[in-house]
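As given, the protein sequences belong to chains X, U, L and H, one line each in that order. Residue numbering for the first sequence follows the numbering used here, beginning at 1 and increasing consecutively. Residue numbering for the second sequence follows the numbering used here, beginning at 234 and increasing consecutively. Residue numbering for the third sequence follows the numbering used here, beginning at 314 and increasing consecutively. Residue numbering for the fourth sequence follows the numbering used here, beginning at 394 and increasing consecutively. Don't be surprised by glycine CBs; every beta carbon is placed ideally from N, CA and C. All of these numbers come straight from a predicted model, not from anything done at the bench.
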Amino acid sequence: MKAAVLVFPGINRERDMARTLRLVSGREPAMVWHTEPELPAGTDLVVIPGGFSYGDYLRCGAIAARSPVMDAVRTFADRGGLVLAVCNGFQIACEAGLLPGVLMRNQNLRFICRDVYLRVETSNSPFTRGYNAGQVIKVPVAHGEGNYIADSETIARLEGEGRVVFRYSSPDGMVDPNWNHNGAINAIAGIVNERGNVLGMMPHPENHVEAAIGSTDGYDLFAGLTDHLAKAA
Amino acid sequence: MKARVTVTLKSGVLDPQGKAIEGALRSLGVEGVASVRQGKVFDIEVESGDRAKTEALLKQAADKLLANTVIENYRVEVLG
Amino acid sequence: MKARVTVTLKSGVLDPQGKAIEGALRSLGVEGVASVRQGKVFDIEVESGDRAKTEALLKQAADKLLANTVIENYRVEVLG
Amino acid sequence: MDLPVIPNEPPITPELVAEHGLKPDEYQRILDLIGRAPTLTELGIFSAMWNEHCSYKSSKVHLRTLPTKAPWVIQGPGENAGVIDIGDGLACVFKMESHNHPSYIEPYQGAATGVGGILRDVFTMGARPVACLNALSFGAPAHPKTRHLVSGVVAGIGGYGNSFGVPTVGGQVRFHSRYDGNNLVNAMAVGIAEADKIFYAAASGVNMPIVYLGSKTGRDGIHGASMASAEFDEDSDAKRPTVQVGDPFSEKLLLEACLEIMARDCVIAIQDMGAAGLTCSAVEMGAKGDLGVTLELDKVPCREEGMSAYEMMLSESQERMLMVLKPEKENEAEAIFRKWGLDFAVVGHTTPSMRFIVKHGGDVMADLPIKELGDQAPEYKRPFVLGEKPKPVDATAVEPPVGTTDALKMLLATPDLCSRRWVWEQYDHIILGNTVQRPGGDAAVIRVADGPKGLALTTDVTPRYCEADPFEGGKQAVAECWRNLTAVGARPLAITDNLNFGNPERPEIMGQFVGCVRGIAEACKALDFPVVSGNVSLYNETNGRAILPTPSIGGVGVLADFRKSVSLAFKSEGEAIILIGETLGWLGQSLYLRDICGREEGAPPPVDLVEEKENGDFVRDLILSGAVSAAHDLSDGGLLVALAEMAMASGIGAALDAAPGDIPAHAYWFGEDQARYVVTASAAQANGLLAKAQEAGLLAMRIGVTGGTALAVTGEMPVPVADLRKLHEGWLPAFMSGEVAPTV
Ligand SMILES: Nc1ncnc2c1ncn2[C@@H]1O[C@H](COP(=O)(O)OP(=O)(O)O)[C@@H](O)[C@H]1O
Ligand SMILES: [Mg+2]
């Protein structure tokens, strides 16, 4: 795996992400500053990490989405390169047009940091091949604007094409408003683009990869990716 | 009736959002913007058909909730 | 010149903040508000003194950054 | 000496002096010191340097009595933050500070800028912040402003810390009518640095450039003379002093930029601009380094037009720093700051003159002796009276109004004992990926770097104890802090204190202050737990009614291996529950007496510091040797509340033996005797544990066994843990959403 982690002013989970990538893949990722016009040669995974790029001022992710490096990411994704966009990264990816929809304020208008349960909807993706479809994993969220919204046509397409990859659920895998902490449509927690090579998700799998720090449920996302890239290489 | 409440920062109050937007516009090549200050609008539909009553109601809403009068000013317009 | 860009949600797009504000107003005892939708205003000072140029500049700013045209509409007013 | 020529500056009148918060004798001192009438700018500078907040004039003589030394203390009080050695070449940098008044005026921004300020104190010293905590006191829930204040303060703390990117891992929340007009917001920040790379405020070298970094200066937070300065202006609305607004985004950039230039060895001295901004930071840099300072205000980056020297010197705009850079590194440092999009300007230089000179628009606006501005601030030995000690409450004379289980259910749903989840779920408490024990336990535990070292962090104080008996209350605050660190297996190292009191000019308030400080000092000595930083907030009162004396204590402890720490949750069924420490059934000032019996009275529980240390050391050894599976210290609410918390944290219930016959049951279950812990151990290990305690001469007894899904006291109706949870979790969200609090 040759991962590149994007760094925008105000991003703050890039270290968490880099540590996890190192831990799981054994390789140090490249940290790429937002003004770079190109990605490091040989990059096979771009990660847009969480945080508050530009303070989340204006709209979450809006300013970062228009950075020079994002043009390079678009080109990379168009060629089929894998992009993992987490939390603020998801917001940036939506603003940049890499993924459809918008992330609005949480339904209760408050920032929420807690462990949530996700039902893995498909294992047929480079991002989820480490899981079984239907499996429930526990990972933390930490966001104020994670309420996924798109027009009904887009939602129908996402659902119809099996592009909803993670859904907020109860511990036993039921979709239930009480377990949908931010009010997202259809309890959507993570989606992929049409081609399946760009994943956006609100929760932080990178924060749950060590038993001593809570749980290891996020580990298999990165292990699956590493495996996929090793096979592809 | 329809009305709009516009809430803006008092002058002198720091607007970090406005500042960040100025910078972003510049780096997007939008030249010639001297300053940006961000505020909020609330488009409100009110049950009453009475202009004066609507105005009073919205002043109340702004004072109680929509504006933080320590740092913000507001303006109520009844659009009819 | 001074100008204002007003950005509002397209109709049909859900507005969780507006909904929450409706509820909050009710629990504060502000009665008679049928609906609230929240938007943004940007008060912008522009270096140019030309009305048409200013308008064009701000349309550009709105298209490129200030509004997310997937879910939002905007309006530019040059105030002079 | 040339007298400065100050155009457009009004003559100084007694009213102006009073508006600047200076007493006539203090003004006389200024006249004596400079030999002429000060200019308005100079008056502003004196008022900023000599006010209570900056000069500690009422508290200094007492603060000197606090123990501040230990072999592991690298830097005690006096710098931006305290520094302790945590081993392996690492240092922990931490401090707590109040932002009480601003948080009452504008709760969101007041709390947010409080967090911003304390984070700056920590990274100014070269440390990367790794955790925040806070201690919050609000008025009675029924007070009309309380909900608004809670909502704004919590959102503000979260808003700043979450965006800045530091986990907020712990704190306290309390409600009491004595905070109605004066809520308290005490914020603590903790950072990690290399022990030999700490940066200090003292400038060195003559003619060194003084550099201004960060955000621009506006008219934020200019106080004191706000009215006075408005009179001199046409345009008074536009120039109105304003509330400070926090910009966590800029602060994050400032952090990264500062750490980067520190790593490149560009910095000689660094000081953040906090209270009294440019004035305080520039004077301190010079005075600490025995140097004069000349500032050229025309070079200061300003956000607004036409700012006067007075305004620039007193502005409290946030996210700003002052530095003395190595001259040969100036360009390198500037390039780094530009890369992060921050302002960078040389605004002055050091001089050999020991004068503090401020120039603006070609004029000298201030020319003052720099040492005297700082060191010769007035210092008061204010008169104080120590109140009479209240009498203990005789537990046998307290008639229990309800049964044990009902009392427990009621207590768990009270404002002071209910779950704070609603609060800490608004704080990102897991960012950085090092949070081992999250909020909700005794102390938070975070991993240091890649481990195995860990830090334990907590904030504590029991103001009702301090009110009843300041000396015992001061002791208790430190002891509880030490106990919370111990309960997760950490070795307590040092504290920061944030002393919140009323008007020190009233002898009884000064008496509370003196009593608490004496108690804190005594406990710190006995527990080898020095004070390395702190903050004093006085005049917290409205209409002659002061807050409860609230000396918040923030503690730091270290774990050689964070994986050895235990949480308070019961771990499995069939484990022995063991109570360590002596239970006399102390009901005076207990929450049971206050919230169940409606009596806020009596002497608070005394703290036996020897017992505290022996019991704590014993429990820590048990934890580190792996002999116990859970540990929890006893505090507010007493034994049964603690057991309920252990059950609720796990979902596992317990069968508890009836209260021993020698004390009343309600005193046994709800008394707040100090120096106690509950631990659990497997049946196999329990006997060994009890024998060990006996050998050490400590009191330990088996009081029950874990298991089932209910908490069952022999002879009482068992209550399902799920019901307890509902009560415990219910009150705060219900209160905040405006619903009526759930009844029991
Ligand atoms: N303002 C707050 N911010 C974060 N965590 C808090 C806050 N208030 C309370 N907590 C957490 O809730 C738990 C219970 O607090 P408290 O009852 O004060 O604990 P203790 O009695 O052990 O001192 C602790 O883990 C504490 O850190
Ligand atoms: Mg405790």
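{"query": "Counting pairs of beta carbons, one from the stretch 475 to 493 of chain H and one from the stretch 513 to 524 of chain H, are three or more of them closer than 8 Å?", "result": "yes"}
{"query": "For methionine 747/H, which option in Trp733/H, Ile763/H and Ala759/H has the closest C-alpha, if you only look at C-alpha atoms?", "result": "Ile763/H"}
{"query": "Counting only Cβ pairs nearer than 8 Å, list the residues of chain H close to proline 140/X.", "result": "Ile823"}
{"query": "Output yes or no for whether 8 Å exceeds the beta carbon distance between tyrosine 501/H and asparagine 576/H.", "result": "no"}
{"query": "Mind checking if alanine 294/U is an interface residue toward chain H, Cβ cutoff 8 Å exclusive?", "result": "no"}
{"query": "Would you call the stretch 1074 to 1088 of chain H and the stretch 947 to 960 of chain H in contact, with 3 or more CB pairs under 8 Å?", "result": "no"}
{"query": "Output needed for alanine 726/H: all residues of its chain with C-beta closer than 7 Å, excluding positions within five of it in sequence on either side, in chain order.", "result": "Ile654, Cys659 and Leu718"}
{"query": "What is the residue span of the alpha helix (DSSP H) that valine 175/X lies within?", "result": "Element bounds for valine 175/X: n/a, residue is neither H nor E."}
{"query": "Between the beta-carbon of glycine 978/H and the beta-carbon of proline 1057/H, is there less than 8 Å?", "result": "yes"}
{"query": "What alpha helix (DSSP H) runs, 4 residues minimum, are completely inside the stretch 888 to 926 of chain H?", "result": "900 to 920"}
{"query": "Who are the near neighbours of tyrosine 131/X in its chain, counting only those whose CB is closer than 6 Å to its CB and skipping five residues on each side?", "result": "Val120, Ser123 and Asp220"}
{"query": "Establish whether the CB of isoleucine 254/U and some CB of chain X are separated by less than 8 Å.", "result": "yes"}
{"query": "Go ahead and pull the three-state DSSP assignment for valine 246/U.", "result": "coil"}
{"query": "Below 6 Å CB to CB, which residues in the same chain sit around aspartate 227/X once its five sequence neighbours on both sides are set aside?", "result": "none"}
{"query": "Does DSSP put phenylalanine 8/X in a helix, in a strand, or in coil?", "result": "coil"}
{"query": "According to DSSP, which residues form a beta bridge with lysine 315/L?", "result": "Glu358/L"}
{"query": "Closer than 8 Å by beta-carbon distance: list the chain U residues that pair up with isoleucine 550/H, in chain order.", "result": "Under the 8 Å cutoff, chain U gives no residues; its nearest Cβ is about 17 Å from isoleucine 550/H."}
{"query": "Could you give the first and the last residue of the continuous alpha helix (DSSP H) run that contains arginine 114/X?", "result": "Here arginine 114/X belongs to no alpha helix (DSSP H); instead the beta strand (DSSP E) covers 112 to 120."}
{"query": "Answer yes or no: does any C-beta atom of chain X fall closer than 8 Å to that of valine 359/L?", "result": "no"}
{"query": "Please classify phenylalanine 749/H: does DSSP put it in a helix, a strand, or coil?", "result": "strand"}
{"query": "Show which residues of chain X have a CB atom less than 7 Å away from the CB atom of alanine 645/H.", "result": "Looking at the sequence provided, one finds lysine at residue 645/H rather than alanine. Here the neighbours are Gly10 and Asn12."}
{"query": "Quick one: Cα of isoleucine 1096/H to Cα of tyrosine 820/H, how far?", "result": "36 Å"}
{"query": "For glutamine 468/H, does the three-state DSSP call read helix, strand or coil?", "result": "strand"}
{"query": "Measuring CA to CA, which of Leu646/H, Lys416/H, Ala474/H and Cys447/H is closest to valine 925/H?", "result": "Ala474/H"}
{"query": "So that I know if they touch, is there some Cβ in chain A lying closer than 8 Å to that of glutamine 819/H?", "result": "Absence of chain A from the displayed structure is noted, the protein chains being X, U, L and H."}
{"query": "Let's test the definition: count the other Cβ atoms within 10 Å of the Cβ of glutamate 210/X and tell me whether it reaches 16, buried, or not, exposed.", "result": "buried"}
{"query": "So if DSSP puts tyrosine 387/L in a beta bridge, which residue, or which two residues, is it bridged to?", "result": "Val320/L"}
{"query": "Is the stretch 282 to 296 of chain U in contact with the stretch 197 to 214 of chain X, if contact means three or more CB pairs nearer than 8 Å?", "result": "no"}
{"query": "Which residue wins for smallest C-alpha separation from alanine 156/X, given the options Asn178/X, Pro100/X and Val175/X?", "result": "Pro100/X"}
{"query": "From the DSSP output, which residues share a beta bridge with cysteine 485/H?", "result": "Ile477/H and Ile585/H"}
{"query": "Below 8 Å between beta carbons: does that hold for leucine 984/H and threonine 807/H?", "result": "yes"}
{"query": "8 Å is my cut-off, CB to CB: does alanine 257/U come that close to chain X?", "result": "yes"}
{"query": "Verify the CB distance criterion: does asparagine 381/L have a CB-CB separation below 8 Å to chain X?", "result": "yes"}
{"query": "Taking Cβ positions only, does glutamate 792/H come closer than 8 Å to chain U?", "result": "no"}
{"query": "Which of the three DSSP states is assigned to glutamate 994/H in this structure?", "result": "coil"}
{"query": "Quick check: what's the CA-CA separation for proline 329/L versus aspartate 988/H?", "result": "39 Å"}
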